[in-house]
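Engineer: Per my numbering, the very first residue in the sequence shown carries number 676; after that it's consecutive.
Here it is, the structure in full.
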Amino acid sequence: MSRRPPPKDRSPHDTGRRAPIAKTEARGPFRPASPDLVALYGAHPVRAALTARKRKLLSLYATETALPRIKDLAQAAGLEPRLVDARDLARRLGAEAVHQGLLLEARPLPEADISDIVSVSGVVLALDQITDPHNVGAILRTACAFNVDAVIVTERHSPEFSGALAKAASGALEFVTIVSVVNLARALDELAERGYARVGLDSEGGESLSTIALSKPLVLALGAEGKGLRRLTRERCDAVARLDLPGPIKSLNVSNACAAALSVATMRLG
């Protein structure tokens with residue numbers, strides 16, 4: 676007499692006992708990738724999304740070790756965490772992802788427009804086709820720390836606002852207004868009409884950011900490493916300034932340059 680095969684969805688290690696929060700297989704719980712699905716992983720991005728609640732939260736996965744970090748926040752957000760193994764998360768996200776035992780599947784943040792920018796600090800960043808997710812994530816983290824009013828990015832040649840970028844942003848993605856535009860030059864014109872001074876940042880800039888005339892509201896434009904600001908972006912800037920650095924190397928990684936520029940600008944603007 677042949678044995679009945681076990682159900683396909685049962686783990687071979689299943690003992691039949693039920694835990695308070697069921698542990699699930701990697702194939703079963705995770706949603707299939709799609710343009711309207713964002714994967715946020717790591718303690719800071721997940722906690723920030725659960726706290727801010729600016730996007731629709733779909734499913735939360737946690738290892739037993741990580742669960743206590745987010746259990747209360749998940750309950751407040753109306754989510755029931757699903758227990759998974761770290762191996763499951765590695766298969767879902769890739770071995771290089773530093774997930775810290777947490778994965779949140781959610782919808783993208785609501786889109787914002789230039790008209791939605793509310794001037795509080797009086798400073799906006801414009802990123803001219805910066806494609807590296809780690810650089811953009813680090814810039815968002817810095818922008819959040821300096822209370823920047825918004826970060827403007829180009830619709831094309833910008834990274835996805837999830838995954839590695841969200842991890843590098845360390846939660847800032849949920850708290851910084853991000854405006855995606857088709858034409859950055861036109862967006863800078865629109866900001867000028869609203870009274871913004873436009874200053875581009877370039878290591879070969881003719882004036883120093885430490886001495887150039889600055890006023891609020893201000894938009895700082897940063898270009899991608901290597902190619903820098905595009906011609907039309909430079910032409911829309913009222914001035915192109917450099918950072919005066921005391922060492923023999925006169926240029927910085929764009930995310931570090933952003934941090935230094937915001938430090939100089941905010942101290943000068945008061």
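Built from N, CA and C at the ideal position, the CB exists for glycine as well.
These numbers come from a predicted model, not from an experiment.
(1) From what residue to what residue does the beta strand (DSSP E) around residue 803 run?
(2) Could you pull out every unbroken beta strand (DSSP E) segment of at least 3 residues lying fully inside the region 831 to 859, listed in chain order?
(3) Does the beta-carbon distance from residue 856 to residue 781 come in below 7 Å?
(4) Rounding to the nearest angstrom, what Cα-Cα distance links residue 738 and residue 758 in this structure?
(5) I need the straight-line Cα distance from residue 826 to residue 852, nearest angstrom please.
(6) For residue 870, is the classification buried or exposed, using 16 other Cβ atoms within 10 angstroms of its Cβ as the cut-off for buried?
(7) Just how far apart, CA to CA, sit residue 797 and residue 894?
(8) If you draw a straight line from the C-alpha of residue 846 to the C-alpha of residue 716, how long is it?
(9) Touching or not, the region 789 to 804 and the region 891 to 906, by the rule of three or more beta carbon pairs under 8 Å?
(10) Whose CA, out of 741, 790, 841 and 776, lies closest to the CA of residue 864?
(11) When the Cβ atoms of the region 828 to 842 are set against those of the region 878 to 894, are three or more pairs found closer than 8 Å?
(12) DSSP three-state call for residue 708: helix, strand or coil?
(13) Can you list the alpha helix (DSSP H) stretches of 4 or more residues lying completely in the region 748 to 784, in chain order?
(14) Taking C-alpha atoms, which residue in 925, 812 and 718 lies nearest to residue 776?
(15) In three-state DSSP terms, what is residue 717?
(16) Hey, is the region 806 to 813 in contact with the region 748 to 764, meaning 3+ C-beta pairs nearer than 8 Å?
(17) Can you name, in chain order, every residue of its own chain whose Cβ lies under 6 Å from the Cβ of residue 938, other than the five neighbours on each side?
(18) Tell me, to the nearest whole angstrom, how far the beta carbon of residue 783 is from that of residue 821; I am working on the premise that it is less than 8 Å.
(19) Taking only the alpha-carbon atoms, compute the straight-line gap between residue 723 and residue 730 and give it to the nearest angstrom.
(20) So the candidates are 741, 710, 708 and 711; which of them puts its Cα closest to the Cα of residue 721?
(21) Give me whichever residues DSSP pairs with residue 904 in a beta bridge.
(22) Compute the beta-carbon to beta-carbon distance between residue 933 and residue 806, rounded to the nearest angstrom, for a pair I have assumed lies under 8 Å.
(23) Would a C-beta distance cut-off of 7 Å place residue 885 and residue 917 closer than the cut-off?
(24) What residue ranges within the region 869 to 922 form continuous alpha helix (DSSP H) runs of no fewer than 4 residues, ordered along the chain?
(25) For residue 882, count neighbouring C-beta atoms within 10 Å of its own C-beta (all shown protein chains included) and say buried if the count is 16 or more, exposed if not.
(26) Where DSSP assigns a beta bridge to residue 829, which residues make up the other side?
(27) Using the Cα positions of residue 766 and residue 760, report the straight-line distance between them to the nearest angstrom.
(28) If we ignore side chains and look at the alpha-carbon of each, how far apart do residue 902 and residue 793 end up?
(29) Give the straight-line distance between the Cα atoms of residue 842 and residue 778, rounded to the nearest whole angstrom.
Structural biologist: Quick look at the numbers:
(1) 798 to 803
(2) 853 to 856
(3) no
(4) 5 Å
(5) 6 Å
(6) exposed
(7) 8 Å
(8) 10 Å
(9) yes
(10) 790
(11) no
(12) coil
(13) 761 to 768
(14) 718
(15) coil
(16) no
(17) none
(18) About 24 Å separates the two Cβ atoms, so there is no contact after all.
(19) 11 Å
(20) 741
(21) BP columns for residue 904 are empty, so no partner.
(22) Actually they do not touch by this definition, with Cβ atoms about 15 Å apart.
(23) no
(24) 906 to 911
(25) exposed
(26) 856
(27) 10 Å
(28) 31 Å
(29) 11 Å
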